[in-house]
Each structure stands twice: as structure tokens, then as C-alpha cells.
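Count along the sequence shown from 1, then add 4; that gives the number in this note's numbering.
Here a beta-carbon is modelled for each residue, glycine too, at the ideal position from N, C-alpha and C.
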Amino acid sequence: MINTEVNGKKDNFIRKSVSEISLKDIKDIIFASTKEQVDLRNKCIIIGITVIILLVIIIWGVSRIIKKMRKLYNIRKKENLINQQWMQLENKINKLLQEQEKRENGLDKLLQEIERLKHEKELERQKRELEREEMNQKIKWLIHQFKQKQQMDHKQQMEYKQKMDQELIQLKQQINQELERQKMDKL
């Protein structure tokens, strides 16, 4: 306890409530004349400086805590954003991979279909080639028969010639049709 003597009366300054401290008491402390008043003034100054330092430390600490909390919040927000973007990228990658697999499956089917069509065209070409050879052989046979028949009498030759001409005309028509069909296939 600090006892002060102001204007002849003893007073316990510390025990006084804040509302009871008057400006005169503060003035007496500031312009201290006795040793007790000087000690009280020094203690008040030390207490004031300590309170100010504590307030500065508290304000500084709270501001640092708030900054760190903001920084932590921003880091978490960025982390959540990055995680969301990562998930979106994974989803896009999965969709693209599925689409690529579908395309590859479609391409495989398309390639198989192309191979099948090529094989069918080749078989058809071979079949036409065989038909053409058969027609050529038939023409040769007819020519051979025609030569043999020339040796026959004239009347028979004329009949035979008409028959052969008709067959040749039919064969030529077949050949022309075959050639037209081949031209159409090439187109």
C-alpha cells in the first residue's frame, strides 16, 4: 500500500477507485514534492509503461495471429481450389480416356470392316477373272469349232455360221456387260 500525504491529509492512492481520483491528485503526483510522491509517481510511470508495452504486445500478437489465421485460411482456400481443379482435371482425363477407348474400338471395328470389304472385293475380282477366262476359252472353242465347220459343206456352214454369229454376239454382249460392270465397280 502506498500512503500519500496531500495537503496535510494521508491518503491511500492505490485503494482509491478510478472515479475517486481527482485531477488534483494526479497533479500532486506529477509535481511530486515528497519522497513518497516521487516513488508513487515512478511506480505509476512504470505501471503505465508496462501496461502500454503489454497492450502493444497484445495488439502486435493479435495482429500476427489474425495474419496467420488469414494466411492459413487463404492456404486452405487455395488447397481446396487446387483439389477441386485436380478433381476436375481427373474427371476430364477419365472422360478423354473413355472417349479415346471408344474411338479406338470404333477404329478397330472400322478397320475390320475395311479388311472384310477388301477381301470381298478381291474374291469378286477373282470370280470375274475366272468368268473372263471361261469366256475366252469358250470363244477359242467356238473359233476352233468354227474352223472345223468351215470344212463342211456350204449350206451347213452357213447355218453354222449364223449360229456361231449369234453366240459370238451374245458373248460380246456378255463381255461388254462385264466390262461395264467392272468400270462401275472401279468407280
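Touch test, the segment 108-126 against the segment 164-182, Cβ-Cβ under 8 Å, three pairs minimum: Here the segment 108-126 makes no contact with the segment 164-182; the two share fewer than three CB pairs at distances below 8 Å.
Alpha-carbon spacing of I86 relative to C48, whole angstroms: Taking the straight line from one Cα to the other gives about 55 Å.
Beta-carbon spacing of I143, L175 below 8 Å: The Cβ atoms of I143 and L175 sit closer than 8 Å to each other.
Cβ pair M162, F150 closer than 8 Å: No.
Buried versus exposed call for L44 [16 or more other C-beta atoms within 10 Å across all chains shown]: Its Cβ being crowded by 16 or more others within 10 Å, L44 is buried.
Spatial neighbours of M139 in its chain, beta-carbon cut-off 7 Å, leaving aside the 5 residues before and after: Taken in chain order, the residues that qualify are L175, Q178, I179.
Classification of Q92 by the beta-carbon crowding that lies within 10 angstroms, buried from 16 upward: When all chains shown are included, Q92 counts as exposed.
Local conformation of S67 per DSSP, three classes: The answer is helix: DSSP assigns S67 an H, G or I state.
Buried versus exposed, by CB contacts within 10 Å (16 or more), Q41: Burial call: buried.
Local conformation of T38 per DSSP, three classes: Of the three classes helix, strand and coil, the one that applies to T38 here is coil, per DSSP.
Closest residue to K122 among K31, L76, K190 (Cα-Cα distance): When only C-alpha atoms are compared, the closest one is K190.
C-beta contact flag for Q170 and R132 at 8 Å: For Q170 and R132, no; Cβs fall outside 8 Å.
Any non-hydrogen atom of the ligand NAD within 7 Å of L121 CB: For the structure depicted, the ligand NAD is absent and the ligand set is empty, with no information on it obtainable.
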